[in-house]
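S.K.: Dropping the structure in here first, questions after.
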Amino acid sequence: MKAEEFLSENIKEALKNNPPGAWMPNLPKECIRLSSGYPDPELVPSSEIKKSVAVLLEEEQDLPLHYIGSPRINRLKEQIMKRLGERDIRVSDSEILITSGACQAIDLIARIFLDEKAIVAVEAPTYMEALEIFQNYTKQILCVPIDEDGLRTDELEGMLAERKQKGLALPRFFYTIPTFQNPTGTTMSYERRKHLLKLAEEFDFLIVEDDAYRELAFKNHPVPIKAMDKSGRVLHVGSLSKIVAPGMRIGWIAGASEFISAASWFKKDLDHPFAQSTMAAYLENTNLDEKLHTLRAVYQAKCSALIRSLEQYFPKTVSWYVPEGGYFVWVKAPGVDTAQLLPQALAEGVSFVPGKYFFLDQKEGSDFLRLSFSYASEKEITAGIQKLGKLI
Ligand SMILES: Cc1ncc(COP(=O)(O)O)c(C=O)c1O
2 MKAEEFLSEN IKEALKNNPP GAWMPNLPKE CIRLSSGYPD PELVPSSEIK KSVAVLLEEE
62 QDLPLHYIGS PRINRLKEQI MKRLGERDIR VSDSEILITS GACQAIDLIA RIFLDEKAIV
122 AVEAPTYMEA LEIFQNYTKQ ILCVPIDEDG LRTDELEGML AERKQKGLAL PRFFYTIPTF
182 QNPTGTTMSY ERRKHLLKLA EEFDFLIVED DAYRELAFKN HPVPIKAMDK SGRVLHVGSL
242 SKIVAPGMRI GWIAGASEFI SAASWFKKDL DHPFAQSTMA AYLENTNLDE KLHTLRAVYQ
302 AKCSALIRSL EQYFPKTVSW YVPEGGYFVW VKAPGVDTAQ LLPQALAEGV SFVPGKYFFL
362 DQKEGSDFLR LSFSYASEKE ITAGIQKLGK LI
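All you need for our numbering is the position in the sequence shown, starting with 1, plus 1.
Set out below in structure tokens:
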């Protein structure tokens, strides 16, 4: 029996385009991970979560271990709604769905809006997982460049106007990571956020705002696009992965109740009562704002260590954006094929992600690399950049 022959045509093609593990090979433990968009292991509150589990099971006995049961599931939703409210995103109970991380939120959004005929528009480059998800639903992906102020909304406007004039279909939605973008670390300016909303009205599409890194601002918190949205065109995707623990798989979609009920209907993995009620118990006993204060300071210091090392160890021809939050620095190394550089870097014990994997057309981005400052320690970051500098 040839197992592959049983796979659907869609899946065969997706696997051919995106072979598993291509951009993230298995890394030995001692490798300096400048590739991983993971939180700093020291900042993941494992002992507090252990205590929360004890409190939860003491107070609720077996309830959280059943399909339905823990009152804390609703309390988690309320806690998230309260935090969103503090960011001027006001949603009612029917306008928010808790998901298994932001990834499931993106997958559900793709599932309810996309089919083979639908067009989705994205930033180029963008979060590779989202690109892979969209490709599972449609081949029609419109890619719009970004610069240091985020999405080039002028380019988007040109593309949309041209499509309209030619009678071509317009996108169903635009997927954007406006704040501390993955992979570039850039933030969309306020003017461009307004422009994107205006284009959404004019050309009748939705905006999916992936705000996974929002809370990790070193200084200023940009206004969420959802907070500027008057017509219900924005779906806001969030996550606690980057600020609490990714293994808990807590994310959400906030948006118009019609979309939320469609997404809920297609969310067939049921809920995860144990993870959700543990997270609720953790948040009840934690001053998250205080924690965030620490997280921001640690990540800012690591980011500075990375930038300092780039200045010291990389050739002068290399350039980068300096992020104002998040996890990533996007580096351009003219004339270097970063996919070819990776095996040499791994042999030296340091990893990064080659830029091409963040583009739909992988002929683009070959001389870029994404460096993450979140996971490795400051000392490792400096040593890793020194090694990469030598290779480049
Ligand atoms: C932009 C963006 N969205 C979503 C995610 C995934 O979040 P979650 O762990 O909540 O699924 C990531 C993680 O790398 C990300 O960079």
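Ideal placement from N, C-alpha and C gives every residue a C-beta, glycine not left out. Model, not experiment: these values are computed from the prediction.
1) Is the CB of Val238 under 7 angstroms away from at least one CB in chain B?
2) Measure from the alpha carbon of Val209 to the alpha carbon of each residue in Leu284, Met280, Ala131 and Trp266, then state which is nearest.
3) Quick one: does the C-beta of Ser48 sit closer than 6 angstroms to a heavy atom of ligand 1?
4) Give me, in chain order, the residues of the same chain whose beta-carbon lies closer than 7 angstroms to that of Leu28; leave out the 5 immediate sequence neighbours on both sides.
5) Three or more C-beta pairs under 8 angstroms: does that hold for the region 286–297 against the region 57–76?
6) Note down, in chain order, each residue of its chain lying with its Cβ closer than 8 angstroms to the Cβ of Glu379, except the 5 sequence neighbours on either side.
7) Alpha helix (DSSP H) containing Ile261: first to last residue?
8) Ignore the nearest five residues each way along the sequence and tell me which others in Asp362's own chain have a CB closer than 8 angstroms to its CB.
9) Express the C-alpha separation of Glu202 and Glu5 in angstroms, rounding to a whole number.
10) Near ligand 1, which residues have their beta-carbon less than 5 angstroms from any of its heavy atoms, given in chain order?
11) Leaving out five residues before and five after Ile382 in sequence, what residues of the same chain have Cβ atoms less than 8 angstroms from its Cβ?
12) With 16 other CB atoms within 10 Å as the buried threshold, where does Met249 fall?
13) Which word fits Tyr376, buried or exposed, when buried means at least 16 other C-beta atoms lie within 10 angstroms of its C-beta?
14) Run the CB neighbour count on Ala340, radius 10 Å, all protein chains shown included, and call it buried at 16 or more, exposed below.
15) Is DSSP giving Arg297 helix, strand or coil here?
16) Within the same chain, show all residues whose beta-carbon is closer than 7 angstroms to that of Arg173, passing over the 5 residues directly before and after it, in chain order.
17) Please state whether the Cβ-Cβ distance between Ala246 and Gly326 is less than 7 angstroms.
18) Using the C-alpha atoms, what's the distance from Arg234 back to Asp212?
19) Given a cut-off of 7 angstroms, decide if Glu117 and Thr100 are closer than it, judged by their beta-carbon atoms.
20) Would you say Phe359 and Pro126 are within 7 angstroms of each other, going by their C-beta atoms?
21) So for Cys32, helix, strand or coil by DSSP?
22) Below 8 angstroms on the Cβ atoms is my contact criterion, and I expect Phe175 with Leu197 to pass it. Report the Cβ-Cβ distance as a whole number of Å.
23) Which two residues bound the contiguous beta strand (DSSP E) that contains Pro146?
24) What is the C-beta distance between Gly356 and Ser367, in whole angstroms, given that I count them as a contact (C-beta under 8 angstroms)?
25) Assuming contact is defined by CB atoms lying nearer than 7 angstroms, are Val323 and Leu370 in contact in what I supplied?
26) In the structure shown, what three-state DSSP assignment does Tyr358 receive?
27) On the three-state DSSP scale, how would you describe Asp211?
28) For the alpha helix (DSSP H) containing Glu130, name the first residue and the last one.
29) I'd like the span of the alpha helix (DSSP H) that includes Ile113, first residue to last.
30) Since I believe Thr177 is in contact with Glu149 (beta carbons under 8 angstroms), could you give me their beta-carbon distance rounded to a whole number of angstroms?
31) Looking at Leu157 and Arg193, is the spacing between their C-beta atoms short of 7 angstroms?
32) Does DSSP put Val332 in a helix, a strand or coil?
33) Who are the near neighbours of Tyr283 in its chain, counting only those whose CB is closer than 8 angstroms to its CB and skipping five residues on each side?
34) Locate the beta strand (DSSP E) running through Gly252, then write down its first and last residues.
M.R.: Once the coordinates are examined:
1) Note that chain B does not occur in the displayed structure, where there is just one protein chain.
2) Along the sequence shown, one-based indexing puts residue 209 at 208. Taking only the C-alpha atoms, the option nearest Val209 is Ala131.
3) As a first step, residue 48 is located in the sequence shown; it is residue number 47 there, counting from the start. Flag unset: Cβ of Ser48 not near ligand 1.
4) Within the sequence shown, residue 28 is the residue found at index 27, counting from 1. Correct list, in chain order: Arg34 and Ser352.
5) The region 286–297 is not in contact with the region 57–76.
6) Translated into the one-based positions of the sequence shown, residue 379 becomes position 378. Only Ala302, Lys303 and Ala306 meet the Cβ criterion.
7) The residue you call residue 261 lines up with position 260 of the sequence shown. Taken as a continuous stretch (DSSP letters only), the alpha helix (DSSP H) holding Ile261 covers Ser258 to Trp266.
8) Taking the first residue of the sequence shown as 1, we reach residue 362 at position 361. Here the set comprises Cys144.
9) Translated into positions along the sequence shown, residue 5 becomes position 4. Translated into positions along the sequence shown, residue 202 becomes position 201. Cα to Cα, Glu5 sits roughly 44 angstroms from Glu202.
10) For ligand 1, the selected residues are Gly38, Gly102, Ala103, Cys104, Tyr128, Ile178, Asn183, Asp211, Ala213, Ser240, Ser242, Pro247 and Gly252.
11) Mapped onto the sequence shown, residue 382 falls at position 381. Spatial neighbours of Ile382 in its own chain (CB-CB distance under 8 angstroms, excluding positions within 5 residues in sequence) are listed in chain order as Ile33, Leu35, Lys303, Ala306, Leu307, Ser310 and Phe374.
12) Your numbering for residue 249 matches position 248 in the sequence shown. Residue environment for Met249: buried (at least 16 other C-beta atoms within 10 angstroms of its C-beta).
13) Start at 1 with the first residue of the sequence shown, and residue 376 comes out as number 375. Counting other Cβ atoms within 10 Å of its Cβ, Tyr376 reaches 16 or more and is therefore classed as buried.
14) Within the sequence shown, residue 340 is the residue found at index 339, counting from 1. So Ala340 counts as buried.
15) Along the sequence shown, one-based indexing puts residue 297 at 296. In the structure shown, Arg297 falls within a helical segment according to DSSP collapsed to helix, strand and coil.
16) Translated into positions along the sequence shown, residue 173 becomes position 172. Listed in chain order, the non-local C-beta contacts of Arg173 below 7 angstroms within the same chain comprise Phe114, Leu115, Ala119, Ile120, Val121, Phe206 and Leu207, local neighbours out to five positions each way being set aside.
17) Taking the sequence shown and counting its residues from 1, one reaches residue 246 at position 245. Taking the sequence shown and counting its residues from 1, one reaches residue 326 at position 325. If you check the CB distance, Ala246 and Gly326 do not come in under 7 angstroms.
18) Counting from one through the sequence shown, the residue named residue 212 turns up at place 211. Counting from one through the sequence shown, the residue named residue 234 turns up at place 233. Asp212 and Arg234: Cα-Cα distance of roughly 16 angstroms.
19) Within the sequence shown, numbered from 1, the residue matching residue 100 stands at position 99. Within the sequence shown, numbered from 1, the residue matching residue 117 stands at position 116. Not a contact, by the Cβ cut-off of 7 angstroms.
20) Against the sequence shown, residue 359 aligns to sequence position 358. Against the sequence shown, residue 126 aligns to sequence position 125. In contact: Phe359 and Pro126 (Cβ atoms closer than 7 angstroms).
21) Taking the first residue of the sequence shown as 1, we reach residue 32 at position 31. Coil, per DSSP.
22) For this step, residue 175 is matched to residue 174 along the sequence shown. For this step, residue 197 is matched to residue 196 along the sequence shown. Their Cβ separation, rounded to whole angstroms, is 7 angstroms, which keeps Phe175 and Leu197 in contact under 8 angstroms.
23) Stepping through the sequence shown from its first residue, residue 146 is reached at position 145. For Pro146, the uninterrupted beta strand (DSSP E) segment begins and ends at Ile142 to Asp148.
24) Sequence index remark: in the sequence shown, residue 356 carries index 355 (1-based). Sequence index remark: in the sequence shown, residue 367 carries index 366 (1-based). 7 angstroms between Cβ atoms; contact.
25) As a first step, residue 323 must be located in the sequence shown, where it is residue number 322. As a first step, residue 370 must be located in the sequence shown, where it is residue number 369. Going by C-beta atoms, Val323 is not nearer than 7 angstroms to Leu370.
26) Counting from one through the sequence shown, the residue named residue 358 turns up at place 357. Per DSSP, reduced to three states, the secondary structure at Tyr358 is helical.
27) One-based indexing of the sequence shown puts residue 211 at position 210. It is a strand residue.
28) Taking the first residue of the sequence shown as 1, we reach residue 130 at position 129. Residues Met129 to Gln136.
29) Against the sequence shown, residue 113 aligns to sequence position 112. Note, Ile113: alpha helix (DSSP H), Gly102 to Phe114.
30) In the sequence shown, counting from the first residue as 1, residue 149 sits at position 148. In the sequence shown, counting from the first residue as 1, residue 177 sits at position 176. Not confirmed; about 16 angstroms, so no contact.
31) If you number the sequence shown from 1, residue 193 lands on position 192. If you number the sequence shown from 1, residue 157 lands on position 156. Taking 7 angstroms as the Cβ cut-off, Arg193 and Leu157 do not qualify as a contacting pair.
32) In the sequence shown, the residue the question calls residue 332 occupies position 331. Val332 falls in the strand class under three-state DSSP.
33) Position 282 of the sequence shown, counted from the start, is the residue given in the question as residue 283. Taken in chain order, the residues that qualify are Pro46, Glu49, Ile50, Ser53 and Val245.
34) Residue mapping note: residue 252 aligns to position 251 of the sequence shown, counting from 1. Its beta strand (DSSP E) spans residues Gly252 to Ala255.
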